[in-house]
Amino acid sequence: MKKLWKFLTSMKFAVILLVILSLAMAGGSFITQNQSFEWYAAQYSERTAAVIFALGLDDIFHSWWFFALFAILCLDLLFCNVTKLPKLIRRAKASAKPKAGVFGPFVSHIGMLLLIIGFVLGQVTKEECTVYGFKGETKAVCDTGIQVTIENFEVSFNEDDSVSQYTVSLQASDGEKSASGTASVNHPVKLLGYKFYQNSFGYTVMARVTKGGELLQEGRIIAGSGFRIPGNDNLSVVFNAFYPDYIFIDGSGPATQSGVMRNPGCLYTVYYGETVLGMNVLLSGERIKIDDYEVFLEDPGYYTILQVKRDSFVWLVFLGGIILLAGLFLSFYVKPLSLQNGEKQKTEPKEEQEVKENENASDH
Amino acid sequence: MLLTIENILFTAALIIYVVTMLLYFLFAVTKKDFFARIALITEISGLVLHLAAIVIRGIAAHRLPLTNQYEFASAFAFGLCLVTLIFSLKFKFRALGAFAMPLVILIIGYAAMQSKEVHELMPALKSSWLGIHVSTAIIAYGAFGLAFVLSIVYLLRDKMKEGGFLAKHTPPKEKLDLIAYRSICLGMLFLTFTMITGAIWAEQAWGSYWSWDPKETWSLVTWLIYAVYLHFRLVWKKKGKFCAIFAILGFIAVLFTYVGVNTLLPGVHSYK
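Those protein sequences? They're chains A and B, same order as listed.
Going by our numbering, 266 is the number at position 266 of the first sequence; the sequence numbering is gapless.
Going by our numbering, 166 is the number at position 166 of the second sequence; the sequence numbering is gapless.
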């Protein structure tokens, strides 16, 4: 029992954990993550898929054993370093200046520990939400009690038609307080304690249905969604995709030449029940005619996809990172650890050898 | 116009690197100081021309020239050459260039094969963190590259008999081992810095400082390999052959993080 305890709290065990973690991560990057059982069964075999699910290999980085490995590593880090602290202090007292280097390994490990703790606390407590909306819409931010209004959303382009920036103006309110600000890619905005990130965007059109010139229905829809024709439940229209700068390429089909809205085209499908009646691209000024009905897909625009987040432990992660960096600098450059004098140290007791820097290392 | 000048400077630097390598070979074989002195001059002038090429490209593109495969490979070669020069002066190991230059030429050759077109940056890349994130990565990669080269020389020397050609023309094994170790220390410090600045940037751009994207995961795997190396070295006093093999393994992980992830695995870092 004592032997087991000694092993579990040893540096050897910690390094074994590091090796296992590296192998798990490397493996995780090769197995496509977060897929269905059927997907893995088709990719590999049914038996392999069963193994993948049993071991949580479909989501390694959030699996219980990956978490457990990190937890054990943290305990080990803490134990190995704290128990060594008195020895380090004694050594620092005895060694010549600069003494700070003696604490390099200790500092870097504590930094690592804070970083992992901050990461795990963040994972467990963070609130995350994705909100999408058109200009002028007001949306609820999941269950935070906050309502956000998208006051404006603009996409700007470079000379070569590539996207330069996505900028969204927001107003957030929780019933009592309200705040407003602008977010763009790389420049999130903090409103009412939550960070709003301009994450992505999509296309939207105004869908209008008329019958004999009379307006039956009107509303904004996003690419990928559809609607039923009012008064005829069997008929429905799906707005499949949007091409801002439409071109038809022989042999490959509809495509867009750029992101700029020069020649907007909407790919749509008309259904009768489950049966496809037709599929085509609607260009501006055109309409879809189904029996007596006329369907218009007009006034194309963008909608924004916002990432809303609150992680109260980000500061701990970055503090840990800075401490880790400082520790590495102390270890390597304030008093270089090296092995030139390795022969001499062999005579010292094993424990004393651990994290012992070389006094004669200053000659390089 | 500016890009033509950049192209000429880049090609000139490449040719001068090849000349430098040949001069270092001559020095290693003949042991004549003359060759080493000239090689040092060509090495420095190659670096200056290379730096000028990078700077002019930056001026032409109105941004930091560290964003696509060509620019990064070119800067990687520059970083490796710079680290080699500093270490060869610091450790008075003049033949170091003879071993490191082939790798420099391999990387700059890889750069030369990439598309040199200047494209506008996608919004996520427009950040002041780009410069610090990528330039620290270049130093880290350069330092690990140098350790890799030294470890190969170490293993070759280890295999050959004492008194053989390689033994005669390279410094003692202990010195190779030590410089490789010091190089890994430098690499480790800068890789850590790269990962932290990358995390800060990711937090701003994607709203998540760490999302187990393959590039992130593999940089952590690389970090862990070198961390294990340092523990073996500093705690269990391993050195020599064992450490050399580890340093080679580490650099394979570096290369996989650099090229393999972009080409073999999908993720947010898959910018062309």
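Built from N, CA and C at the ideal position, the CB exists for glycine as well.
Ignore the nearest five residues each way along the sequence and tell me which others in B:I59's own chain have a CB closer than 8 Å to its CB.
L2
Determine whether the beta carbon atoms of B:A100 and B:V149 lie at a separation below 8 Å.
Going by C-beta atoms, B:A100 is nearer than 8 Å to B:V149.
Taking the continuous beta strand (DSSP E) assigned at A:N232, which residues delimit it?
232–243 is the extent of the beta strand (DSSP E) around A:N232.
What does the alpha-carbon distance come out to for the pair A:Q375 and A:D59?
Nothing can be reported for residue 375 of chain A: it is not among the residues displayed for chain A, which extend from 1 to 364.
Would you tell me roughly how many angstroms separate the C-alpha atoms of B:E6 and B:L264, rounded to the nearest one?
31 Å
According to DSSP, simplified to helix, strand and coil, what is A:P188?
coil
Determine the DSSP secondary structure at A:K344, reduced to helix, strand or coil.
Unreliable positioning characterises A:K344 in this predicted model, as indicated by a pLDDT of 36, which lies under 50. The coordinate reading is nonetheless provided below. A:K344 falls in the helix class under three-state DSSP.
Mind checking whether A:L277 and A:Y271 have CB atoms under 8 Å apart?
yes
Does the count of Cβ pairs from the region 220–238 of chain B and the region 199–206 of chain B closer than 8 Å reach three?
Cβ pair count under 8 Å is below three, so no.
Inspect the CB distances between the region 14–25 of chain B and the region 38–52 of chain B and report whether three or more fall short of 8 Å.
Because the criterion of three Cβ pairs below 8 Å is met, the region 14–25 of chain B and the region 38–52 of chain B touch.
Spell out whether any CB of chain B is found under 8 Å from the CB atom of A:D76.
no
Which residue spans inside the region 34–120 of chain B form an unbroken alpha helix (DSSP H) run of at least 4?
69–90, 96–113
Could you check where the beta strand (DSSP E) with B:Y17 kicks off and where it finishes?
Where B:Y17 is concerned, there is no enclosing beta strand (DSSP E), although the alpha helix (DSSP H) it sits in stretches over 2–30.
Determine the burial state of A:E38: buried for a count of at least 16 other Cβ atoms within 10 Å of its Cβ, exposed for fewer.
exposed
Compare the C-beta of B:V193 with all C-beta atoms of chain A and state if any pair is closer than 8 Å.
Val is not the amino acid found at residue 193 of chain B; the sequence shown has Phe there. Yes, B:F193 lies at the interface with chain A (some Cβ there is under 8 Å from its Cβ).
Quick one: residues in its chain with C-beta nearer than 7 Å to the C-beta of B:A53, no 5 flanking neighbours on either side, listed in chain order?
E6, L9, F10, A13
Within the same chain, show all residues whose beta-carbon is closer than 6 Å to that of B:F91, passing over the 5 residues directly before and after it, in chain order.
I179.
What does the alpha-carbon distance come out to for the pair A:Q165 and A:I305?
14 Å
According to DSSP, A:P254 sits in a beta bridge with which residue or residues?
Looking at the DSSP output, A:P254 sits in a beta bridge with A:F248.
Whether or not the region 18–32 of chain A and the region 93–111 of chain A are in contact is what I'm after, with contact meaning three or more pairs of Cβ atoms, one per stretch, closer than 8 Å; do they touch?
Note that the region 93–111 of chain A does not touch the region 18–32 of chain A; fewer than 3 beta-carbon pairs, one per stretch, sit closer than 8 Å.
State yes or no: is the beta carbon of A:N81 nearer than 8 Å to at least one beta carbon in chain B?
no
Which residue's Cα is closest to the Cα of A:S365: A:C266, A:N240, A:N234?
The structure shown does not extend to residue 365 of chain A, since chain A is modelled only from 1 to 364, so the question has no answer here.
Would you decide whether B:W210 is buried or exposed? Buried here means 16 or more other CB atoms lie within 10 Å of its CB.
buried
Examine chain B for any beta-carbon lying closer than 8 Å to the beta-carbon of A:S164, and answer yes or no.
yes
Please confirm if B:K173 has its CB atom under 8 Å from at least one CB of chain A.
no
Rounding to the nearest angstrom, what Cα-Cα distance links A:D160 and B:E117 in this structure?
13 Å
Within this structure, are the beta carbons of A:F134 and A:T83 separated by less than 8 Å?
no
Determine the chain B residues that contact A:Q43 at a beta-carbon separation under 8 Å, and present them in chain order.
Those do not exist, as A:Q43 stays about 14 Å from chain B at its closest Cβ, beyond 8 Å.
Where does A:S184 land, buried or exposed, given buried means 16+ other C-beta within 10 angstroms?
buried
Go ahead and label A:S312 buried or exposed: buried means 16 or more other beta carbons lie within 10 angstroms of its beta carbon, across all protein chains shown.
exposed
Starting from A:D160, find everything on chain B with Cβ-Cβ shorter than 7 Å and list it in chain order.
E120
Report the residue ranges of all beta strand (DSSP E) runs contained in full by the region 111–166 of chain A; include only those spanning at least 3 residues, in chain order.
127–134, 138–140, 147–157
Does A:N341 come within less than 8 Å of chain B when only Cβ atoms are used?
With a pLDDT of 39 at A:N341, under the threshold of 50, the modelled position of this residue cannot be trusted; read the value that follows with caution. With 8 Å as the cut-off, A:N341 does not count as an interface residue toward chain B.
I need the boundaries of the alpha helix (DSSP H) containing B:N262, first residue and last residue.
If you look at B:N262, you'll find it in the alpha helix (DSSP H) that goes 261–264.
Quick check on the burial criterion: 16 or more other C-beta atoms within 10 angstroms. Buried or exposed for B:I139?
buried
Going by C-alpha to C-alpha distance, which of B:F93, B:L234, B:I225, B:G145 sits closest to B:K173?
B:F93
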